[in-house]
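Written out below as C-alpha cells is the structure these notes cover.
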Amino acid sequence: MCALVAGRDGDPVYDSMSGPDGDPAPAMNEGEARKMATETAEPAVAAAAYLELDDRIWLLRAMLLMRGIEERAMSLYRQGKVPGSFYDGFGQEAVSAGAAFAMGPEDRLCILHRDLAAHIIRGVSTERILAQYMGRDSGVTRGRDGNVHFGDARLGCVGMVSMLPDMMLVATGMAMAFKLRGERRCALTWFGDGSTSRGDFHEAMNWAGVQRLPVVFVLENNQYAYSTPLDKQFAVDPVQRAAAYGFSGVTVDGNDAEAMFEATRAARARAVAGEGPTLIEAVTMRMHGHAAHDDMKYVPKEQVELWRKRDPVDRQNARLRELGVDVDAIRAAVQAEIDAATEQALAAPMPDPEDVRTDVFAAGEAEPLGDGQAPWSGFAQRREVG
Amino acid sequence: MATMTYLQAISSALRDELRADDRVLVMGEDIGVFGGAFKVTDGFFEEFGPDRVMDTPLAESAIIGTAIGAAVVGMRPVCEMQFSDFISCGFDQLVNVAAKMHYRQRLAVPITVRLPSGGGFSGGPFHSQNPEAWFMHSPGIKVVAPSTAEDAKGLLHAAIRDPNPVCFMEHKHLYRRIKGEVPEGIYETPMTARVARPGSDLVVIAYGAMVHVALDATEDLDGASVQVLDLRSLVPLDVDAILAAVRECSKVVILDEANETCAAGAQVAALIAEHGFEDLDGPVVRVATPDIPIPFSPPLEQAVLPSVDRVREACRELLAY
Chain A
147 MCALVAGRDG
157 DPVYDSMSGP
167 DGDPAPAMNE
177 GEARKMATET
187 AEPAVAAAAY
197 LELDDRIWLL
207 RAMLLMRGIE
217 ERAMSLYRQG
227 KVPGSFYDGF
237 GQEAVSAGAA
247 FAMGPEDRLC
257 ILHRDLAAHI
267 IRGVSTERIL
277 AQYMGRDSGV
287 TRGRDGNVHF
297 GDARLGCVGM
307 VSMLPDMMLV
317 ATGMAMAFKL
327 RGERRCALTW
337 FGDGSTSRGD
347 FHEAMNWAGV
357 QRLPVVFVLE
367 NNQYAYSTPL
377 DKQFAVDPVQ
387 RAAAYGFSGV
397 TVDGNDAEAM
407 FEATRAARAR
417 AVAGEGPTLI
427 EAVTMRMHGH
437 AAHDDMKYVP
447 KEQVELWRKR
457 DPVDRQNARL
467 RELGVDVDAI
477 RAAVQAEIDA
487 ATEQALAAPM
497 PDPEDVRTDV
507 FAAGEAEPLG
517 DGQAPWSGFA
527 QRREVG
Chain B
62 MATMTYLQAI
72 SSALRDELRA
82 DDRVLVMGED
92 IGVFGGAFKV
102 TDGFFEEFGP
112 DRVMDTPLAE
122 SAIIGTAIGA
132 AVVGMRPVCE
142 MQFSDFISCG
152 FDQLVNVAAK
162 MHYRQRLAVP
172 ITVRLPSGGG
182 FSGGPFHSQN
192 PEAWFMHSPG
202 IKVVAPSTAE
212 DAKGLLHAAI
222 RDPNPVCFME
232 HKHLYRRIKG
242 EVPEGIYETP
252 MTARVARPGS
262 DLVVIAYGAM
272 VHVALDATED
282 LDGASVQVLD
292 LRSLVPLDVD
302 AILAAVRECS
312 KVVILDEANE
322 TCAAGAQVAA
332 LIAEHGFEDL
342 DGPVVRVATP
352 DIPIPFSPPL
362 EQAVLPSVDR
372 VREACRELLA
382 Y
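Chains A and B are the protein sequences, given in the same order.
Per my numbering, residue 147 is the first one in the first sequence, and the count goes up by one each step.
Per my numbering, residue 62 is the first one in the second sequence, and the count goes up by one each step.
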C-alpha cells in the first residue's frame, strides 16, 4: 500500500476553486456565482486524509475511462453504430467518480445517465458498456434498453428510468430495508436540477427525513435541465431544501473528484451511524447538449468557456502529475483498453429476435442485488479495524 | 377449514405471511395504529410492530417506489393503496420502474400492491374505480382479482410469494358480504380461471364481484344450463380455460364492472374472436359499466354498474339467438 499523501495535517494541498494550473478561477456572472461551489476547499483537503495515492489514481482512471468511452460512443453514434440517441456526461465525470468511490461493496446505487464513472467503479467492463450502447447481446441490458439506462444487478446497481427522479424513491426504499434489518449499509442515488421540481423528489426527501434513513442524495446541478436554466427550475438555493426535510445539505464543487469523494464519504459515515440522509449538491456544468442532437445554442459561450477551465479530468490529472505520477502512461493504458473493447463490442453479436419475449416476468426465487466492486482502499482498512 | 369473510381471508393471508417470513412487511396509509381504512390490518401493529406494519406518509408514489427499493435488496413488501383509485398517484413507479425492471436488467421486483377496488356503495368517482386494465396494458405486472374468501387468501399468498410485481384487486363490496370456507394454513391458489358453476348452454365470464352478479343472474334462468367462469387472474389470462368454455357452451357473455372500453373483458372478447370463432353460436355479448365516471348518488350509480337484471336480460337474449 502507498503511504497517505500530504494533507493530513490540514495544509491545503490544492485549492479546488483554482484551475488545474493553480490559477484563480475566472470571474463569473452574479447568477452563476450563487451556484459555484463555495464550501469545497475543505472537503477536498480533507479527502487527502482518506485517499492513498492508488485511490487518487483510480479516480483519474475512472474519469478518463468515462470520458474516453463516451467520446468513442459518440463517434460510433455518428457512424450509425449506436442506435437511438446518445447522452453523455462530459464535464461531469467527477460527480459520479467521487461519489461512487466512497461507497462500499455492500452499498447499493441507483445511477443516472451522466454518471458512467459509477458503473466503471462498480466493475462494469468497458466492452459491456460499449456493447450496451450499440444494443448488442453482451450489453448490460442485452439490447432491452439503450444508452446509460442500465445497472448491473450483480454489482449492486439499478439502472435509471427516464422518468426523473424515480430512482430517488427506489434508493430510499433500499435504505429503509437496511434500517429495518439493522444493517450498516447505505444507498446512494444521483438526480438532476430539473428533477427537484417533480413530486418524487419531495416524496423521497420527506420519507427519508421522516424515517432518518441511510441514504445519500446527490443533486447533480449541471445548470440546465435540457434547455431549462436554474432560474426557471427553482426559486431557492436547492441545497437549502434539505433543511425543510429535517436533514443536512452540503454544496460541493462537483468538478473536483476528491471533494465529491469526501462529501460522500462523510455523508455515508453519517448514514451508517444512524444519523440519517444527506443532500449533496454537486455543482457542475453539462458541457455537451442534452443528447447528441442538441447544439446547446441556449447556453452562452462564455459560460462554457468558464467551465472548460475547471475541467474535472484535467484537474485530477494536474494533481497527480504534481505528485510525480506518470499520468501519460495512465492515459495511454486507458486509451488502449477502450480501443480493444471497441473491437470486441463491434464483433459482439446482436440479440436474437427469437428471445424478445423472454424475461418480461421473473421465474423462481427472486435474486436480490449483488455486491459491487469497491476499489477504495479505505474500505479494506476499516474492515480490518473492525 | 374455517369460515371467513373475504376481508378476514385477506387479513389471514397477510398475518400468516408476516409470521412465516421475516422479509414480508406491509406498508400503507393508516394501516398501523389505526388498522387500515377497512381494518384489514387490525391488530397487526400490536403483533408485528411499527417496522413491519408501517404507517407511511401520504405519498402513493413513495409507497410503491420504496417498496421496489426494499424488494430489490431482499424484502417482500406488501403495499396497501387505501383505495385502488389512488394508485394513479403511484402509477409511474409501478408501470415504469417495477414492471420493466426484470425485462431490462433481470432484476426481480417481488412486491404486492393491494388495491381495494370497485363500487356499489356511493363511493363516488374517486373511491369506486376498477383500474385493473391499466396494469394489464403494462407488461411485467401480474393482476389477480379473487371473488371468494378461499381464493382471496390463496391468491394473496401466491402474490406475495411471486417474484414479480402483482396487483391484487380486492373488491370492497365483497369484504364483509362474502363468506366461505377457507383451508387452514398457507396455500397458494394458481393464477388460472375456475369454473364457478358448470353449465353448457351459455357461459358468463367474469371476475371479482361480478362473479357473484353472474351467479345470481343465472341461478334460475328459465332452466338453461349456464356456466360461470371466474377468471381469478387477468395477467396471466387463462386463455385455455376461456376457449374451453367457449367450445363447451358456444354462447358467451362477458361481464366487467370496469368501464367498457379496453376493459379486461374486451381482451377476452378479442381472444375469443381470434381463436374461438369457429366454436361460437352467436355474437359475443358484453355487459360492462359504460364509459362514464362512477357517479355518487345511489340511483345514478345503480344505473351504470352491471346489475343482476342487466346480466339476466343479456343472457336471455343470447340464449334466444
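Glycine included, every Cβ here is placed at the ideal spot set by N, Cα and C.
- For the stretch 490–510 of chain A, the residues whose beta carbon sits under 8 Å from a beta carbon of chain B are, in order, 505, 506, 507, 508, 509, 510.
- With a threshold of 8 Å between beta carbons, residue 168 of chain B makes contact with chain A.
- With fewer than 16 other Cβ atoms inside 10 Å of its own Cβ, residue 489 of chain A counts as exposed.
- About 6 Å separates the Cβ atoms of residue 86 of chain B and residue 136 of chain B, confirming a contact at the 8 Å cut-off.
- In the structure shown, residue 370 of chain A adopts extended strand secondary structure according to DSSP, grouped into three states.
- Against residue 224 of chain B, the close residues of chain A are 507, 508, 509, 510, 511, 512, 513, in the order they occur along the chain (beta-carbon pairs closer than 9 Å).
- If the five residues before and after residue 393 of chain A are omitted, its C-beta is found closer than 6 Å to the C-beta atoms of 355, 422, 423, all from its own chain and listed in chain order.
- Secondary structure in the stretch 142–214 of chain B: the beta strand (DSSP E) runs of 3 residues or longer, each lying completely within the stretch, are 173–178, 203–205 in chain order.
- Residue 376 of chain A sits in a helix when the DSSP states are folded into three classes.
- Assigned with DSSP and collapsed to three states, residue 401 of chain A falls in coil, not helix or strand.
- A distance below 8 Å separates the beta carbons of residue 357 of chain B and residue 185 of chain B.
- Contact with chain B is absent for residue 471 of chain A, since none of that chain's Cβ atoms lies less than 8 Å from the residue's Cβ.
- Burial is judged here by how many other beta carbons sit within 10 angstroms of a residue's own beta carbon; residue 451 of chain A has fewer than 16 and is exposed.
- Residue 398 of chain A sits close to residue 406 of chain A, with the two beta carbons spaced by under 8 Å.
- In the DSSP secondary-structure assignment, residue 240 of chain B is bridged to B:66.
- In chain order, 307, 308, 309, 312 make up the part of chain A whose C-beta sits under 9 Å from the C-beta of residue 157 of chain B.
- With 16 or more other Cβ atoms from the protein chains shown falling within 10 Å of its own Cβ, residue 430 of chain A counts as buried.
- Pairing residue 376 of chain A with residue 338 of chain A gives a Cβ-Cβ distance that is not under 8 Å.
- In the DSSP assignment, residue 347 of chain B falls outside any alpha helix (DSSP H) and lies within the beta strand (DSSP E) extending over 346–350.
- Sequence-ordered contacts of the stretch 165–193 of chain B with chain A read 165, 166, 167, 168, 169, 171 [C-beta pairs closer than 7 Å].
- Inter-segment contact for the stretch 230–245 of chain A and the stretch 260–272 of chain A is present: three or more beta-carbon pairs are separated by less than 8 Å.
- In this structure, the straight-line span from the alpha carbon of residue 350 of chain B to that of residue 94 of chain B is close to 36 Å.
- Using a CB distance below 8 Å, the part of the stretch 266–294 of chain A facing chain B consists of 286, 287, 290, 291, ordered along the chain.
- For residue 258 of chain B, DSSP records a beta bridge to B:289.
- Residue-level contact by beta carbon holds for residue 356 of chain A and chain B, with a gap shorter than 8 Å.
- Along the stretch 370–396 of chain A, there is no position whose C-beta sits under 8 Å from a C-beta of chain B.
- When rounded, the separation of the alpha-carbon atoms in residue 260 of chain A and residue 352 of chain A is 25 Å.
- DSSP, read as helix, strand or coil, puts residue 138 of chain B in strand.
- Rounded to the nearest angstrom, the gap between the Cα atoms of residue 326 of chain A and residue 305 of chain A is 24 Å.
- For residue 220 of chain B, the nearest beta carbon of chain A is not closer than 8 Å to its own beta carbon.
- About 5 Å separates the beta carbons of residue 299 of chain B and residue 253 of chain B, which is inside the 8 Å limit, making them a contact pair.
- Judged by DSSP in its simplified three-state form, residue 254 of chain A adopts strand.
- Excluding sequence positions up to five before and after residue 188 of chain B, its CB lies within less than 7 Å of the CB of 144, 146, all in the same chain and listed in chain order.
- Annotated as distal: residue 223 of chain A and residue 494 of chain A, with beta-carbon spacing of 8 Å or more.
- Boundaries for residue 315 of chain B: no alpha helix (DSSP H) harbours it, while the beta strand (DSSP E) harbouring it runs 313–320, taken from the DSSP string.
- When DSSP reads this structure, residue 333 of chain A sits in a beta bridge with A:254, A:361.
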